[in-house]
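Q:
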Amino acid sequence: MTTDNHVLHIEEVLELLPHRFPFLLVDRVLDFQKGKFLRAVKNVSFNEPFFQGHFPGKPIFPGVLILEAMAQATGILAFKSNGKLSPGELYYFAAIDEARFKRPVHPGDQMILEVEFIKERCGVARFKGIVTVDGDTACEASMMCARRKESTMCD
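Sequential numbering of the sequence shown, starting at 342, is according to the numbering used here.
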């Protein structure tokens, strides 16, 4: 059962993620356990700017943004598990593997973002994610994020 200390409202999400409208894709964290898992929600509104062109008359939430929402949830789990970063450090989205899209996501849907910590080595962590809508899997993927100083990411 979810307790208040495991729920993060939008104000707390904004403190953890650098993303802002229109690229902030996590509305609220429903539950998490440090170093284990996180469950969050993204409410999909027809007012999202990309629906103007994706696709006119048949709006579908872009798959790449479903993956980005999952990556943002992963970032929140990393922050909540490891605490504040040192000055000049960032979490970078480093890899995505085995991404599968199972059903489209439409305006009015509520995406449940679930990410699970798998393992970490040398500042690189692996996560598994799944996005569901009404209990049906919309997307699943494995992801990696790296904790690095801004100036050394590609060195």
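The beta carbon of each residue, even a glycine, is placed where N, CA and C say it ideally should be. Only a predicted model underlies this, so the values are computations on that prediction, with no experimental measurement involved.
(1) Pull the bridge partners of residue 462 from the DSSP assignment, please.
(2) When burial is assigned at 16 or more other CB atoms within 10 Å of the CB, is residue 405 buried or exposed?
(3) For residue 460 and residue 436, what's the separation of their Cα atoms in angstroms?
(4) Closest by CA to residue 371, which one among 414, 399, 392, 359?
(5) Just the Cα atoms here: how many angstroms apart are residue 363 and residue 410?
(6) Tell me the start and end of each unbroken alpha helix (DSSP H) in the region 346-407 that is at least 4 residues and wholly inside, in chain order.
(7) So what does residue 451 bridge to, in DSSP terms?
(8) Spatial neighbours of residue 412 within its chain, please: CB distance less than 7 Å, with the 5 preceding and 5 following residues excluded, ordered by chain position.
(9) If we call anything under 9 Å between Cβ atoms a contact, is residue 466 one with residue 445?
(10) CB residue 408 to CB residue 440, shorter than 9 Å?
(11) Would you list the residues sitting across from residue 490 in a DSSP beta bridge?
(12) Taking only the alpha-carbon atoms, compute the straight-line gap between residue 451 and residue 442 and give it to the nearest angstrom.
(13) Is the beta carbon of residue 487 closer than 9 Å to that of residue 469?
(14) As a quick exercise: from 472, 438, 464, pick the residue whose alpha carbon is nearest that of residue 453.
(15) Have a look at 347, 390, 448 and flag the residue whose alpha-carbon is nearest the alpha-carbon of residue 418.
(16) Under a Cβ-count criterion, where at least 16 other Cβ atoms within 10 Å of its own Cβ denotes burial, should residue 396 be classed as buried or exposed?
A: Based on what the coordinates show:
(1) Residue pairing for residue 462: DSSP places it in a beta bridge opposite 465.
(2) With fewer than 16 Cβ atoms within 10 Å of its Cβ, residue 405 is classed as exposed.
(3) Residue 460 and residue 436: Cα-Cα distance of roughly 14 Å.
(4) Closest option to residue 371, Cα to Cα, is 414.
(5) Spanning the alpha carbons of residue 363 and residue 410 requires a straight line of approximately 12 Å.
(6) Runs of the alpha helix (DSSP H) inside the region 346-407: 351-357.
(7) BP columns for residue 451 point to 384.
(8) Cβ neighbours of residue 412 beyond the five flanking positions: 434, 484.
(9) Not in contact: residue 466 and residue 445 (Cβ atoms no closer than 9 Å).
(10) Yes, these two residues count as a Cβ contact at 9 Å.
(11) Partner(s): 430.
(12) So the alpha carbons of these two residues sit roughly 16 Å apart.
(13) No.
(14) The residue with the shortest Cα to Cα distance from residue 453 is 472.
(15) For residue 418, the nearest C-alpha among the options comes from 347.
(16) Using a 10 angstroms sphere on the CB of residue 396, the tally of other CB atoms stays under 16, which defines it as exposed.
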